Structure formats: structure tokens, C-alpha cells
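As C-alpha cells, then:
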């Protein structure tokens, strides 16, 4: 029987309990958001005792379903003030599922100062005093825990940024080589972990593919079919394995919707190719690194990479949004500088997107110059030191804007806008505006139909059709985020009519169910409704469903567009899901 | 005919226009809030072009009505995100009214960098380049402008904090001696002035009591009667003139509701008497300073003081909330340190309450020790320098809390809670929770009936009756804030049945009206409704009408109470005024 693990940081106890029936059909984001909605008062302080951090593998995690190793992390966000789910790759989701654990709930706050870790293995779970790890970077921490508990363990942890409760802090986990570089990055959930003084959770599981499957034969057939579907699509079969997510750099710049120099008025970066996936792949290979690297066993997409840096260290991976945030967004054209900034974030426990957007605002303020990589490295290095300047930066873009009097601050609900300018990729603008997560590209990735012509085409420069596009994607994404499948499966699923039914086949075979495609979409809607209701309780209204003012007033070249999707239409996006 | 002055910082022009009929019966807060509601989009960025700063004398300002020189300043608050009215004493309200100006609207933002001032005189109004004043402290600025334009001018200005657009920045104005120490302090309106790069508005008026009065004889009779009412009440006739507002220090400590060491768990300060009004008056007099000082001509209450500091400079006045914020709240028992911190705020252009609360949170974080006056002075001195640490502090208490991971942060809607702990002065807790202004003691000063037994008695430690008390006070206060009368007239008005009718007599005689007492209360309700509606448009819901979490969980000695007024009752407080 599956079980839930409660780590109570007030009593310093870890206890298993049975899974309530209503949670049995849920996983990943469906489960984290439901537990948060059930157990966390929406108006609570995100860094005090009433918030909880919920960790859940997806429904298919721990099976042989290809690319199904996503781990969801949820809670009330210290960055947005609303509900949050962020998910990560790495090896932990499969290991947790293989231990028969549906969810780990971290709750309470110790009455005394100190630092603790939790250890979870087939023999049980316990909370251990671990003051020796206080303030440690995630690389050293993960290496130390792997040395102590074995090189196969998974580690979920916070860096110094999380311990300092900075709102830009993410939750880190590791790949098979021990790199603590897979991040449930967004929304400051690392600060929630830090507030509970739980530095790390060590997952010691002998098995990666140990989740029970009811009908193994049917499952294997569906799983194989799904792997073929992934391999045969141009994006998941060729583009991503060849160049990683950073294959997007040239594409988005060419499309004229790449945010450059803190979302200034040009959507193209003259040095895009210098920092794009093609250059990254060439440099990585030339230095003995890799592309087509898998962040967890059983991934057939393998969009990760291994980038050897000039100092001999490894940054793995350098993702598109990170390369954008530290590249074009800062007017930096040097991949080595980008990788270094990425590495600093990984080690400090910072979300790279929030850090990139925050550095862009810092440059807009004139505190450091656009294009100055060394100054950016120096500024970002302050975060782990806890200096005032570092704390400002580590609290994210909106915080930097307020500190330095900058009003061109690209955030929604307090969260930094990632690598797609909403003025000429308007479907993304709708997603940023309306997702309960704050500005989040993964919540409804309209780049598909807007730019990549996957799942149809909706002209990105026009307001028409964007709300419907974003809504459909947000519903589908919520369901995918419940499954544990990587969001990138959406590319073939949107183009291949066999895609979604095959996912349903896997779920039915695993859990002995008779779900239909409609049931899966209903799950997506149900997740969104749960999240929207939480946010209403936290005080959000539709007034928060808008972009920063400058996107409506300042045109973006080369299309010379502002964001002009009807606000009334935007505010009605979920009227069929959450009528209020 | 009265007129309005628009200072357009986009075109750098100052132009008079006629007053729309609907604005003629309004003044002070009634007029600033109405113009903001009419002209400022509630969702706009408070520091970009669509926000406006509105300055309006009260209805009775510029007449011989006693203590009627309050100047209202309004706009969308960068601190709370909602509508804001803050009012100040000093000489400007009477001078503006005497020029026949109902309101000054500062709008737009210059397209170029630079610093400007506006000059307003009987000869007209103009915007002047004034780069020489950039970054100047308010004392030097005001002295320089008085030297340039004559010692009788009034100056409305921002300090460096406002120019840096820090959310703790207030709008400063001066008393008759030129001290730039009268503040429309709360809510960051100094940052709005700073965003418009209007460093100062110089009011050059030959007259202080030049506002037109329709029936002079009736007005003088009512005005004399009102002066007698003020002089005969114990608070306005004896307590405030003898010791200033800081007469409250011993009273509030004795009542057990004085916030001490960042709102920790004791409501009494063992050194209250060292920093209270009695000690202040004795020291001020011994050093050749003054009590019973009037902040503007014609004030019969004269609660201000002139406190000579050891360095030879003058701090005038040291108010109760300031003495509390830099005294008990920081565990500081030295009036000279308090005055020094007060002076630094005045010069930098900071709200003293927000700065005091912010320093308390900084001490809670352990960045500087509680009780260390020199460290507090050093920390506060960073604000005008614009260092990262100074910018954190200058952005207010909530910002400091987020920067340093502190969760005991006494704010409501982002604004610091002043000198009355809501756990055992529960009427104030209701006001903090519900006023559209964010935590603001002046919005509904329940200390009257809770502690001072003015206007009846409602036991401050019990939840019963507090919502009704706060509502009635909030309605009456809104009306008083429209009149230009100092809020302290509320003490005799609450106790003396002749008080409110006499105010109505003055208004009727001045404007040739036939208002009743009910009309005045209806005006108060109408103001609140306008403000609440703006805040809804800005995205506020009743979820924001609550205190920080720790007030509900951590008991305050000596009464050992938490804040326990029913949240349902609180959320219904304005159901008769703004049914939603």
C-alpha cells in the first residue's frame, strides 16, 4: 500500500501514515496542490509554522514510462504569496515512488535554532541534527551526503539562499552523477524549506523503477509506443537531444520575441548565436562534455547537457531560460560567463530565472553595467555571503526594482518573467498573466503554437486566439504535471493524436483504471480550480492578472507591438473552470 | 473663484484650471481621495507616469478656525499598493488656501533625467530646472529655498529617500521657523514626488488667513466657541500643550499596550519615563527649547515641541510615535538618540514611524543589537547614502523582514504598525486591519475609548465592541481629515456635544451652506467608500484585512492577550458603507 511521509519539524519526527482515499488517484502537481489546499491556510505567512512544503512524485514516476521522472514540490510561495508548484528532473522522483511514498509533507518549525536533515530509506525515516551542514552550498552538501550515505542516494536540499529565506531560492535535487543542479526553482520554495531548517532530505532507495504496476504487459506495450512517439517527433527526437533546450535561442531571437537588456524595446539579440544551443553543444563536446544527457534514468528526450567550464568545474545543464536570463537579458554574449552564473545559482540554491531577471533589473538601475560579466558574477556571488546587496538580489527581480527605484520590472505576481517577451509572443503573455503560479512559461507554453507551429499556429503578434490557446495549454499542462512526465512530451502530444491516449493507457495499466482522455483533461481543470481557489483565499483577484505596465505602453521591435490582448477576455479565461 | 493647479512633469508646465463643481464642497482628504479615484488607474504602477500626487488644504484651512492648518497629500501608495492620504501640519496648507488653490495635482514624468522645483505665488506658477538641489537633505533644501525666495515661503519637498523612490519616504513641509519636519509621512508618498523628479514646491503667499469666508461674523463666533471647546478639554487644553503627544508614553506603557523590542511579548517598557513627554519637556526647557509650540499659526493646541540636541541642532518636534519607534521599539532609553534618529529621518525624507518599525525588524534579525543607539544611528544614516543596506531600511519594515528572513514583522498592507500593540488595544487592531490606508493609528484612533476613556470606554483587552468603535472613528476621522482641522480636535468633539455642531457652524458660515452633523458624517462615509473602491480596483480583498500572524498566536504581557476580534465581524465592518 502506498504511504505518505510527514516530517514534523516542530517535533523533529518523521512518521508514515496511510494515504487518504481521495489522494490515491493524484500525483505530482495534482497531489501537492491538493494537500496544500487542504492543509495550509491561504492567508498564512509563507515562512512561519502554518505553511508546508509538499513533495510528490508524479503518477507515472518510478515506472518504465519514458521521461516520467518529474518531482513536484508545492507550498505557499514566499515570492508570489499564492500557491506554488515547481517541478524538477533528477533521480529523486523515481526513488521516492519506488519506496511506495505518494508524498512527503514537511511541516512545523523547530522551536530552537539549528539545522537538520531527514533520511528516508526502506528501513524508515528519521530527522537528524546536522549543524555541520549549515550554510553549505548545494554541491558540497550533496557530495558530503553521497559520501556519507552512498553514491546512489538522491538529495533534495536548499542552499544558503533558502536558509536565509530569500524569495528567489529554489529546491535543488541531483542527477545520477550527483550534480545538485536540478531545480524546482521557481517561487521561492527553497525559502520554505529553509524556514523549516531542514537542510536536506536524503532519499536512499535501492530501486529506481520499483513503483508497482498492475498490468505489466499492457503497461510495457503502451510505454514502448510512447517512447516511439517521443523519438519520432522533431522536437523531442531531434532538436532537444542535439542541442538541448537552448536550441530555442536562435529561434526565439529570429522570431523577434527574445527579451534583451531587461526587456527593453528590441526582441532580437545580435549575439544570439554565440550563446545558443548550437554553440553550446559545440563547446561542450570540444571540452569533453556532453549533449543528449538524461537528467534521470529512462528519459528518451535527454535535453540536458554537461558543460565543462574553464575553471575545470562542470555546469550541468545550461538550459535555455538560464542562458537567456544571464545572456541576452544582461547583454552578455559569453557562454562561459553564463555557465559560471548558472553554477553560482546552483550552489547558492537560487532559481536561475529569477536571478537572471533580477540581475537585469540591477543593470537597468545602473548599479552594474549591462554586458559586464565579471560585475554580474561578483554581484551574484554576494547572495551566498548574505550581504545587503546579496540579499536584495536573492529576493528576486521585484525586490531589486523596489530597492533601486526601477519601474521597468518584468514580473507578474512578484515572479520574474522568463525568456519570451509577451509583446510579440502574446499567448505567453496570457499565460504569465493568468496562471496561478505567477509569471511561469511552463504553466501554459504558448510558444508551441505561437512560434514553433506545434499543435497548430496562432500568430504571436496578434491578440486573437491567445486566451483560448493559453487556457487549453494550462489545462493540459496541469494534467501533465500530475503524471510525472516531462512537460516536453507535450510537443509530440500536441501533434500526434496517439500521444494523449497512450499516456492514458499507461495510467490505466499501472493503476487498474479505465480513464479516458476526457478524464485526464478534467483532472487538469480540477487542479487549476483548486489552485485558483487557494489564491482567492490568499487575497488575489483578477486585478493581479495583468502584466507590468510597460508592456502595454512601450513597443517591441521588430514587430513594433505592445501587449494588447483584451483584459476582459483575459479575466474571463477560467470562467468555465472557476466561475466567480 | 477657487482654482486647481496642475503641475505636469511630462511637459514641465504648471497651469491653473477651474474647479469642477463636484470638487467645490470637498477639501483635504475628501478631495485628494476623490481626485485620485477619478484620475489614477487603481492598477497603475505607483512610480510610473499614471500615478499622481494630489495636495489639498482642508476645507477650513486658511481661515481663523483654530488648529485648521492640516495639508492632505494623496496618491497611490508605493508602500501599500492602495490609495493613500497622509496629512501634515506646517504652514503650507493655510498659504495654499489663501492663494485660492483647492488642490495641486502633480502628474506625468519627465522624459529626461534631471531635477525640478515648482514655484507658486500670487503671480502664477512655474516649473524650474533645479539640478543643484538633487540629492539634498530637506533641511539644507528648505533653508536654501527660503534664502532664495524669502523666509516666509512654505516648502513641500522630498529628501534623498524620495528621490531614490524608497517606499518609506514621506512628503516634508515646514513650520514657521523653517524646520522641514512636518511630514505627510506615511505610505511612501515622498517616493511618488521623487518619481516625478519634482524636488520641491515653493508656496509663496503673502497671506496665511486669506481664504474667503462668506459670513465673517457667524464664522468668528463659531471659531471662538470652538477655540474655547479645545482649551477646556483636558487633553487638548492641558495634556498636549504641557507635554506634547509624547505625554502618551507613560500612559500607554502603564496600560500594558506599548510595543517593546519589535512587538515582542511585553506591553510595558521599563524605561518609559526616560523617553516620555514629561522627561522630554524638562530636557527641552532646560536646554532652551520649548513645549507648547504651534506647528502652524492659529493652533490653540500647540502639541509641538522644540528639542535642542547635544550637537547644537534642533529637532522639532519629537512626537510620541517617533519617540516610541526609536525608543521602546528598539529598547533605546535615551531621548538624545531618539531625537538624532528623528532628525536623520527628517533630513533624509523618511517617515519616522516606518523607519522605527523597520529598525525594530533589523534588530530582530540580529543585524544590529537591540538597545544599541549608535548602531541604529549608523544604520539609518545609510539611507541617504543609497547603499544597499540603506535602501533596504528605507523601503520600510516589510522590506527589511523579507531581506533578512524575519517573520515577526508588524505591518498591515505593507505599512508598519505604530505605537499601540493591537493585542491589548484591540480597537486599534481593528483600525489597522481595516482602514484603506494600511496600518495607520490616525485613521481611527481607538486609543480614545480603549485607553483614554474619551468618548466612552471599551475595554481594550476584550474583543467586544471594537469593530463598532473603530468604524465610528474611521467615519468621523475621514470627515475631520477633509476639514483641515487637526485630528486632535476629536478629543473634545468626542466628549463635548457642542463640538461637532460648532465645526458644522464654521463650515456653513464659510461656504454659505446649510450642512447638518449628519451631512458631515455622510461625507466621512463617502470618503471611505471612494477609498475602498479604489483599493478593490487595485486588487485588495478582505483577505488583506488582517494583522500579521504572530498577533493571533503569541500572547502579550501583562494582560496575556492575543488579538481575537472575530475575523467575520472585522470583514463586515464597512458592510453598511461599501456593501460587496
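Residue numbers (my numbering), protein chains in the order written: chain U, -14 to 565; chain F, -14 to 565. Every residue gets a Cβ at the ideal spot worked out from N, C-alpha and C, and that includes glycine. The structure displayed is predicted, hence computed values, not measured ones.
Pairing residue 9 (chain U) with residue 41 (chain U) gives a Cβ-Cβ distance that is not under 8 Å. Of all residues in the region 530 to 545 of chain U, only 531, 533, 534, 535, 538 come within less than 9 Å of chain F when Cβ atoms are compared, listed by chain position.
Contacts with chain F at 8 Å (Cβ-Cβ) include residue 384 (chain U). Taking the CA atoms as reference points, residue 307 (chain U) sits about 11 Å from residue 328 (chain U). About 13 Å separates the Cβ atoms of residue 222 (chain U) and residue 232 (chain U), ruling out a contact at the 8 Å cut-off. Separation of residue 80 (chain U) and residue 277 (chain U) (C-alpha to C-alpha, rounded to the nearest whole angstrom) is 22 Å. Looking at the backbone, the Cα of residue 314 (chain U) and that of residue 246 (chain U) are separated by about 4 Å.
Collapsing the DSSP output to three states places residue 471 (chain U) in coil. Note: residue 86 (chain U) is bridge-paired with U:-12 in the DSSP secondary-structure output.
Partner residues in the beta bridge of residue 101 (chain U), as assigned by DSSP, are U:114, U:183. Burial state of residue 108 (chain F) is exposed, judged by a 10 Å Cβ sphere holding fewer than 16 other Cβ atoms. Residue 426 (chain F) sits in a helix when the DSSP states are folded into three classes. Under the Cβ distance rule, residue 134 (chain U) does not count among the residues neighbouring chain F, no pair being separated by less than 8 Å. Taking the CA atoms as reference points, residue 520 (chain F) sits about 6 Å from residue 68 (chain F). Of all residues in the region 147 to 175 of chain F, the ones placed with a Cβ closer than 9 Å to any Cβ belonging to chain U are 148, 149, 150, 151, 152, in chain order. By the C-beta density criterion, residue 305 (chain U) is buried, having at least 16 other C-beta atoms within 10 angstroms. Going by C-alpha positions, residue 430 (chain F) is about 16 Å away from residue 401 (chain F).
Taking C-beta atoms under 8 Å as the contact rule, residue 396 (chain F) and residue 424 (chain F) qualify, at a distance of about 6 Å. Residue -1 (chain F) has its alpha-carbon roughly 9 Å from the corresponding atom of residue 105 (chain F). Straight across, the Cα-Cα distance linking residue 203 (chain U) with residue 481 (chain U) is about 20 Å.
Per the C-alpha coordinates, the member of U:555, U:271, U:517 positioned closest to residue 61 (chain U) is U:517. For the pair residue 378 (chain F) and residue 39 (chain U), the Cα-to-Cα distance works out to about 33 Å.
Residues of the region 362 to 381 of chain F that bring their beta carbon within less than 8 Å of a beta carbon in chain U comprise 372, 373, 374, 376, 377, 380, in sequence order.
Separation of residue 404 (chain U) and residue 25 (chain U) (C-alpha to C-alpha, rounded to the nearest whole angstrom) is 32 Å. Under the three-state reduction of DSSP output, residue 440 (chain U) falls in the coil class, being neither helix nor strand.
In terms of CA proximity to residue 31 (chain U), U:176 leads the group U:176, U:162, U:58. Between residue 344 (chain F) and chain U, the shortest Cβ-Cβ separation is not below 8 Å. Contact between residue 413 (chain U) and residue 443 (chain U) is absent: CB atoms are separated by about 11 Å, not below the 8 Å threshold. Excluding five sequence positions before and after residue 532 (chain F), the CB atoms of its chain that fall closer than 7 Å to its own CB belong to 397, 407, 414, 417, 418, 548, given in chain order. Cα atoms of residue 502 (chain F) and residue 492 (chain F): separation of roughly 11 Å, rounded to the nearest angstrom.
The Cβ atoms of residue 469 (chain U) and residue 55 (chain U) lie closer than 8 Å to each other. Neighbours of residue 398 (chain F) in chain U, taken as residues at a C-beta separation under 8 Å, are lacking, since the least C-beta distance is about 10 Å.
Interface residue (Cβ-Cβ distance to chain F less than 8 Å): residue 388 (chain U) is classified as such.
Assignment of beta-bridge partners to residue 400 (chain F) by DSSP yields F:397.
In the DSSP assignment, residue 373 (chain F) falls within the unbroken alpha helix (DSSP H) covering 373 to 379. Taking 8 Å as the upper bound for CB-CB distance, residue 512 (chain U) and residue 171 (chain U) are not in contact here, some 17 Å apart.
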